[in-house]
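Notes to accompany the following structure.
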Amino acid sequence: YIFKGRSFLLYFLFFTGLVELITVTTPQKYVNVTKGGNVLLQCMFVSTEEETSSLTIQWEFDSSSAPAVGLQPPFSPEISKNASITLSNMQQSDAGVYSCDIHNFPDVEGRSQANIIVNVFEKPSVPFCSVHGNVETGHPVTLTCHSEHGSPKPAYTWTRADAAQATKTLINVSQFEFGEYQCNASNVLGFEACTVELNPELGAGVIAGAVIGAILGCVLIALVVWFIVHTVKKQKYKAVNVAEVNEMRSVDATLNPNE
């Protein structure tokens, strides 16, 4: 047989009894930490080579890997060596896959790497509630709710503030009850809420009706004022005419006493 490169070296060491193994392990493949907290990444290894002058320990981080939410019970095997590290002030950008890579020549075979998936959890931020559509009876209305931050991704639930009945995340109905609605954004760390008021006074039709009513009211008031002013003027005009006639009769009686 003809062997080349590293394969030749491995076979040579194997047949001469010089092949030694290294085993790298971690008790937890999934680690969850709260934003801003510290996390211990445990990495242990067993080497059949007692000499450590050629030992190399390297941690690598891959943030492009999608963090997977998972829990694993604690496990503490008997170990010989420890390459664990502690990371502080964890942020969302620190979530990903951490790899512990250990080599100790001539331990050239075995499992030299262990991976740990780190999830950084964060309580949902206060969500933003908004109303889309005309707030009028007979018109569809959509309520939206969104939190800028939160890990795992928040779940959203709408409830009536004055009732225990829950509604869907989106309310899009032809007939609805006016009142206050509350959106709860929640995950494993807690929840935050926002509220919106579905008030018929906010409806465009109601506003238009109010405007028309106000205009009609102004017109009615103007008509009443005009009628009153016109009536007063008419009465004054009649009074002046009567006074003038009486005055003329009085003058005529004075000038012609015998008539």
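Letter by letter, the sequence shown follows residues -21 to -1, 1 to 238 in mature numbering (1 follows the signal peptide of the UniProt record, and there is no 0).
Even for Gly, the Cβ is constructed at its ideal location relative to N, Cα and C.
Suppose you measure from the CA of residue i to the CA of residue j; what does that come to, to the nearest Å?
i, j, result
"Cys162", "His82", "53 angstroms"
"Ser78", "Ala62", "11 angstroms"
"Ser91", "Ile1", "6 angstroms"
"Cys197", "Asn166", "55 angstroms"
"Phe157", "Gln71", "39 angstroms"
"His125", "Ala164", "8 angstroms"
"Thr27", "Phe84", "10 angstroms"
"Leu19", "Val25", "20 angstroms"
"Val114", "Gly192", "19 angstroms"
"Thr121", "Leu168", "28 angstroms"
"Trp137", "Val99", "27 angstroms"
"Ala93", "Gln37", "11 angstroms"
"Glu176", "Val204", "40 angstroms"
"Leu202", "Val208", "10 angstroms"
"Cys108", "Ile64", "42 angstroms"
Since residue i and residue j should fall inside the 8 angstroms C-beta cutoff, what is the C-beta to C-beta distance between them, to a whole number of angstroms?
i, j, result
"residue 252", "Thr35", "Missing from the structure shown is residue 252; the chain here goes from -21 to 238 and no further."
"Ile95", "Val10", "6 angstroms"
"Val97", "Asp80", "So it is not a contact: roughly 16 angstroms between Cβ atoms."
"Ala134", "Thr174", "No, Ala134 and Thr174 are not in contact; Cβ-Cβ is about 18 angstroms, not under 8 angstroms."
"Ser67", "Glu101", "Actually they are not in contact, since the Cβ atoms of Ser67 and Glu101 sit about 16 angstroms apart, beyond 8 angstroms."
Indicate whether residue i and residue j have their beta-carbon atoms separated by less than 8 angstroms.
i, j, result
"Pro119", "Gly112", "yes"
"Phe40", "Pro103", "no"
"Ser42", "Gly16", "no"
"Met69", "Lys8", "no"
Run the proximity test for residue i: is its beta-carbon closer than 7 angstroms to any non-hydrogen atom belonging to the ligand NAP?
i, result
"Val3", "As for the ligand NAP, it is missing from this structure, which has no ligand bound."
Taking DSSP as the reference, what is the three-state secondary structure of residue i?
i, result
"Ala164", "strand"
"Phe206", "helix"
"Ser104", "coil"
"Gln92", "strand"
"residue 248", "Outside the modelled stretch of the chain, which goes from -21 to 238, sits residue 248, for which no answer is possible."
"Val3", "strand"
"Ser26", "strand"
"Gly192", "helix"
"Gly182", "Bear in mind that a pLDDT of 49 at Gly182, under 50, signals an unreliable position, so the number given afterwards is only what the model happens to contain. Coil."
"Val114", "coil"
"Lys8", "coil"
"Val120", "coil"
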